[in-house]
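For the sequence shown, this note's numbering begins at 1044 and goes up steadily by one. Working notes, structure below.
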Amino acid sequence: MAGTPDRLDDAEAAAELARLAEEIAHHNRLYHAEDAPEISDADYDALVRRNAELEAAFPHLVREDSPSRQVGAVPAGPLAKVRHAAPMLSLDNAFAEEDVADFIGRVRRYLNLAPDEPITVTAEPKIDGLSCSLRYEKGMLVLAATRGDGTTGEDVTPNVRTIADIPTNLRSSRAKSRGAGTDSEKRPSTTFGTNGDVPDVFEVRGEVYMSKADFAALNVRQEAAGGKIFANPRNAAAGSLRQKDASVTAARPLRFLAHGWGEASSLPADTQCNMMRVISGWGLPVSEDFLPFDNLEAALAHYRAIEAKRADLPFDIDGVVYKVDRLDWQRRLGQVARAPRWAIAHKFPAEKAQTTLKAIDIQVGRTGKLTPVARLEPVNVGGVTVTNATLHNADEIERLGVRPGDRIVIQRAGDVIPQVLENLTRDEKRPAYVFPTECPECDSDAVREEGEVDIRCTGGLICPAQRVERLRHFVSRHALDIEGLGIVHIESFFRDGLLQSPADIFKLTKDQLLNRERWAEISAANLIAAVDARRRPTLDRFLFALGIRHVGEVTARDLARRYRSFENFMAMIERALAIRAETQSTPAEPDRKFAQRRDKAVVAVVDTPNIGPEVANALLDFFDEPHNREVVDDILAAGVEPRDVVHETRASSVSGKTLVFTGSLETLSRDEAKAQAESLGAKVSGSVSAKTDLVIAGPGAGSKLKKAQELGIEVIDEAKWAEIFASSSP
């Protein structure tokens, strides 16, 4: 992380906020959409806290794509998309008991309660599963959907119907036996309420999960059948639920635990506790550790009791959720952009254990980053057997002083790879570990760029590890999205010399595929058709697919919108490269001053919102490498034509003006509002300045609204904006 906010200027803060937006969006997509997280919950939470810290210090720099405004990730799989009737929100986190006390204090102040008025909260374990919404109409299950990005999820109705915990008819739930499982297999729920009248419409919200024992047994079966081995129960549950074929889901031991509700035509109770009793009475499982408490100390004692038995529970949990019990208070408290004010998740601290470091392996990623991985003597941490841990980078190895043979402390802060926390045998005499100066995959030099903590292979596309990873990235969902060309085929084709660069994908022939084992006429024809369907990708997908360092989906989209065509984009690159090459330092100029002057000139030529020196120079570094140019030229020569970005605009009162949207939009998503403005010929900015012509302010608008008022800029609400858009000539 960079320095404390008070040591950053606006440019540095904006650059870090841009990086955090990209990085957090990347991890959100891996976790929520692809069920393949690559960092721990604690590391993810640290990124989110850093983003919040910077936004608090620089409120005028809050981005339209800020992680603080996002929930989950946009679903991108093959399942049908479903728009939620009521948003599926995320939760703010507490990491210490003081944070929970602050939460209670905020509730008291917001509701203007007397100091001695009790605030009853419910407390329940936070199960690490896949969020799911069950929509019942007239008591019948009609729709089940994943959370997705909180607004739009995936339709998993046929899959959910195979889960025994979930009744398809609430009215018959009293007569249905809920006693699945054996006496030795303790269920995580209890029916502790009575049936209430089922509303005409009622959405039950909860988690689909897999028990630890069922997860272990599933992986044994998967390994025996040569199938996918899941990293943890959460991934197994998510992968099992999000299947196109519901029979696959039916063969997996999935369970469900209810924790709330969404849209409801009426509510049978007036408190959270009684509502969950009603839901339980309808036949849906509710945690047996769900209890109400009328004082903070009792709620915290419950948290500590759950934490103490965490390892012995049959399912994974990562904290306790507190909710204000009174529903009228919940309604008054409302929500911020992504989370309710009336609930908070009290996360558990990382679990620790001691073991022996057997070896340090180096893995090479798509961008050439060399990542050290600790191979461990197997150790049980919180009920999970751990054999690997991350060492992050060379600086972390030096800080810890770790060497093979050391006795170390590891901590498991989530459901991904743990980290090494402490070296217990640092003082023992043993040769220091020497980080490699050459790539273990291709023997190219491994170097650390100025100001960087990571060491990277310089081999680029001559490095086998980078080639395979770049090919995989090139065809991934959010890049060119070539269906049927997964990692297994890429590795096989690469190994046999059929694919060496992205251009080779577009040179594949049906005959080549038919000569390979397990390829038939239909499968070969389907892959060739899928490749041909991606010969005219949108410009933003094409730029993202190239795998340029620091250029994620958002940055690629910004560049595409700014330059509209690949020809315009490349013309800008040529100008910027020339400017950078022509910029010379003066004898009396310090290196730092020269670098700042050169970077300022480069950023001015790139001239794209939210792109600072780091991203601008990464763009130029990529296109300054001859072998990267050759790769791009080969792709184009193979018949790939990036499509121009076309903005359909129509005459309007805001044509040519600069607009800023701020606050919560109630009828539009932020992207939809921006698209509307651009269709009217307006430019949308993320910050208010003297150049701003109009501000559209929704509920919760803060510093941007204040600045607009100070500058005398016209401010309208969302309803007025809807009138402007509707009245513009078609």
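Ideal Cβ placement from N, Cα and C applies to all residues, glycine included.
Check	Outcome
Kindly list the residues whose CB is nearer than 6 Å to the CB of VAL1573, restricted to its own chain and excluding five residues on each side of it in sequence; keep chain order.	Looking at the sequence shown, residue 1573 is not Val but Ala. If we look at ALA1573 and ignore the five residues flanking it on each side, its Cβ neighbours are ILE1525, GLU1526, GLY1527.
Curious, which full-length alpha helix (DSSP H) runs of at least 4 residues does the region 1654 to 1682 contain?	1656 to 1667, 1669 to 1680
Please identify the residue among GLY1411, GLU1420, ALA1475, PRO1545 whose C-alpha is closest to the C-alpha of GLU1481.	GLY1411
I need the straight-line Cα distance from ALA1054 to ILE1451, nearest angstrom please.	40 Å
What's the gap between the Cα of PRO1168 and the Cα of ARG1062?	33 Å
Taking C-alpha atoms, which residue in VAL1689, LEU1284, ALA1631, ILE1403 lies nearest to ASN1436?	ILE1403
Quick test of the definition: if touching needs 3 or more C-beta pairs under 8 Å, does the region 1275 to 1295 touch the region 1325 to 1341?	no
Among residues of its own chain, excluding the 5 on either side of CYS1316, which ones have a beta-carbon nearer than 7 Å to its beta-carbon?	THR1165, PRO1335, ASP1368
Looking only at its own chain, which residues have a Cβ that is under 7 Å from the Cβ of ARG1473, when we skip the five neighbours before and after it?	ARG1446, GLY1448
Could you check the C-alpha separation between GLU1617 and ALA1588 for me, to the nearest Å?	20 Å
When the distance is taken between beta carbons, is LYS1401 closer than 7 Å to ALA1386?	no
Could you tell me if THR1710 is buried or exposed, where buried requires 16 or more neighbouring beta carbons within 10 angstroms of its beta carbon?	exposed
Can you tell me whether ASN1660 is buried or exposed, with buried defined as 16 or more other CB within 10 angstroms of its CB?	buried
Using only CA atoms, which one of GLY1444, LYS1352, GLU1266 lies nearest to VAL1477?	GLY1444
So what does DSSP say about LEU1514, is it helix, strand or coil?	helix
Please identify the residue among TRP1304, SER1254, ASN1653 whose C-alpha is closest to the C-alpha of CYS1175.	TRP1304
On the three-state DSSP scale, how would you describe GLN1454?	strand
If I'm right that ALA1396 touches ASN1423 with Cβ under 8 Å, what's the distance once you round it to whole angstroms?	7 Å
So, are the CB atoms of LEU1737 and LEU1702 less than 7 Å apart?	yes
Should the region 1674 to 1683 be called in touch with the region 1539 to 1547, which here means at least 3 C-beta pairs below 8 Å?	yes
Considering only the alpha carbon of each residue, which of ARG1469, ARG1353, ASP1539 lies closest to ASN1558?	ASP1539
Between ARG1515 and GLY1529, what straight-line distance do the alpha-carbon atoms span, to the nearest angstrom?	7 Å
What number of angstroms, rounded off, separates the C-alpha of ARG1050 from the C-alpha of ALA1100?	11 Å
Taking contact to mean 3 or more Cβ pairs, one atom from each stretch, closer than 8 Å, check whether the region 1295 to 1315 and the region 1252 to 1271 are in contact.	yes
One question on the structure: do ARG1604 and VAL1727 come within less than 7 Å of each other, judged by their Cβ atoms?	no
Excluding the 5 residues flanking ALA1508 on each side, which residues of the same chain have their C-beta closer than 6 Å to its C-beta?	VAL1407, GLU1484
So what does DSSP say about SER1176, is it helix, strand or coil?	strand
Express the C-alpha separation of VAL1247 and GLN1326 in angstroms, rounding to a whole number.	One detail in the question is off: residue 1326 reads as Gly in this sequence, not Gln. Going from the Cα of GLY1326 to the Cα of VAL1247 covers about 11 Å.
Measure the alpha-carbon distance for LEU1186 versus GLU1715 and round it to whole angstroms.	26 Å
Just to confirm my understanding: we take GLY1222, look at its own chain, exclude 5 residues before and 5 after, and list those with CB closer than 7 Å. What are they?	Reliability fails at GLY1222, whose pLDDT of 33 lies under 50, so the model's placement of it is uncertain and no value is given.
Distance, Cα to Cα, VAL1649 vs HIS1593?	15 Å
Bridge partners for GLN1378 per DSSP, in chain order?	PRO1383
Here's a check: name, in chain order, each residue in its chain whose Cβ is nearer than 6 Å to the Cβ of ILE1571, leaving out the five neighbours to either side.	LYS1553
Give the secondary structure of ALA1166 by DSSP, where H, G and I count as helix, E and B as strand, and everything else as coil.	strand
Please list the terminal residues of the continuous alpha helix (DSSP H) segment that includes GLN1639.	1634 to 1649
Does the beta-carbon distance from ARG1106 to LEU1060 come in below 7 Å?	yes
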